Every structure is written in C-alpha cells, then in structure tokens.
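Residue numbers (our numbering): 29 to 229. All C-beta atoms, glycine included, are put in the ideal place defined by N, C-alpha and C. Every value quoted in this text rests on a predicted model; they were computed, and no experiment measured them.
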Ligand SMILES: [Fe+2]
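Written as structure tokens, this is what we have:
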C-alpha cells in the first residue's frame with residue numbers, strides 16, 4: 029500500500045468523528061454512523077473493501093467540525109482528510125454530494141471564497157468516479173439520523189431544506205439504487221437494514 033492508499037482504522041475514524049462532534053454536536057453524527065453501517069453492508073455485497081466503505085461513510089461529512097456550514101463542509105472535509113494523510117477519504121468528502129459531477133448542482137450556500145470554490149470545482153471535475161464515490165453518494169442519500177430511509181424521502185427532505193434540487197441530480201442520485209442493486213444482486217435497503225425493511229426504522 030502506498031501513502032495515497034492509506035485509510036484510517038475504524039478506531040481512528042471513530043475518534044476523528046467524536047472529536048469533530050465535540051466541536052459541533054448534531055444529528056450529523058448519527059447520520060454519519062448510519063452511512064458507515066449501510067456503506068459497509070452494501071459495499072461488502074458489491075465486492076468492495078468493507079473497512080474502507082465503513083470509514084468513508086463515517087467521515088464523509090467530517091468537514092462539519094467547522095460548525096453550521098454548507099458547501100464549506102465539503103471543502104473543509106476534503107482539506108482536513110488530506111492534511112491527515114488520508115486523500116482517499118478526502119476525495120470522498122469532496123465527491124459525496126455530487127452524483128451530478130458539477131459544483132453548481134449543490135443546493136446549499138456557497139459559503140467559501142471565490143478561490144476555494146474554483147479550487148473545488150477544478151478538483152471535482154478532474155475526478156473519474158469509482159464505486160467508492162458512488163457508494164457514499166448512495167448511502168448519504170438513504171441515511172437519516174434515525175436510520176435508513178427511502179431515497180425518495182431523503183431527497184424530498186433535502187430539497188425542502190435547501191429549496192434547490194435539480195432534476196438531473198435527482199435522477200442521477202436515484203439511479204444509484206438500481207446501480208447497486210445490480211452490483212450486489214440484492215436489494216440495497218434490505219442489505220443496509222440487516223434484513224428489515226425501511227418501514228421499520
Ligand atoms: Fe452526509
């Protein structure tokens with residue numbers, strides 16, 4: 029494994045998340061844990077590395093240590109994980125909100141400098157997505173704070189909060205369910221709920 033491929037252990041990832049939650053407590057912690065558990069289960073069934081899936085899900089929103097930030101949580105998560113020596117996780121922080129690979133598809137406030145926005149745009153558009161990027165995009169959109177939820181409901185919730193959810197982004201995000209159902213030969217909701225349907229969460 030070269031340095032680019034380093035990822036934190038589960039224990040280290042848990043302590044990184046715990047430290048971030050001390051700075052900015054909130055439901056995003058439970059959401060991140062649900063994303064980690066669902067990513068591990070779906071990723072394992074899709075033939076991906078379960079540890080990498082778990083820590084990617086756990087840390088995808090780590091930029092929220094900065095407080096009540098919107099686009100900035102993506103930027104700061106990317107930079108923070110890069111600084112920690114975990115660029116594969118930094119990349120996940122950057123790509124997780126962009127099933128549609130365009131910065132302008134982001135629904136929240138662009139609470140960054142023009143230079144930071146341009147830096148993000150260039151990096152995002154240079155990435156060729158792999159199944160880890162796609163998996164965390166999927167799990168971000170089925171993981172509520174209370175448990176796994178239907179993607180349609182989560183998208184409706186996000187759209188109501190941000191008053192912006194482009195149709196193309198919605199279609200690309202929903203397509204991830206079919207993509208991973210096919211990859212796993214299973215049902216991503218059953219996998220992520222350990223056999224229970226989402227109606228029981
Ligand atoms: Fe998230």
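Just to check, is the beta-carbon of residue i closer than 6 Å to a non-hydrogen atom of ligand 1?
i           : result
residue 89  : yes
residue 168 : yes
List the endpoints of the continuous alpha helix (DSSP H) containing residue i.
i           : result
residue 166 : 159–168
residue 57  : 56–73
residue 114 : Residue 114 -> no alpha helix (DSSP H), and no H or E assigned at all.
residue 52  : Counting along the chain, residue 52 falls outside any alpha helix (DSSP H), and DSSP gives it neither H nor E.
residue 92  : That residue, residue 92, is in no alpha helix (DSSP H); it is neither H nor E in DSSP.
residue 220 : 216–220
May I ask you to report which of helix, strand or coil DSSP gives residue i?
i           : result
residue 228 : For residue 228, the predicted structure reports a pLDDT of 38, less than 50, and the residue's modelled location is therefore unreliable. A value from the coordinates is still provided. Three-state DSSP puts residue 228 in a helix.
residue 44  : helix
residue 33  : helix
residue 155 : coil
residue 208 : helix
residue 148 : helix
residue 76  : coil
residue 213 : coil
residue 136 : coil
residue 127 : coil
residue 201 : helix
residue 82  : helix
residue 193 : coil
residue 105 : helix
Spell out the partners DSSP gives residue i in its beta bridges.
i           : result
residue 176 : 171
I'd like to know whether the C-beta of residue i is nearer than 7 Å to at least one C-beta of chain C.
i           : result
residue 140 : Going by chain labels, chain C is absent from the structure shown, which holds only one protein chain.
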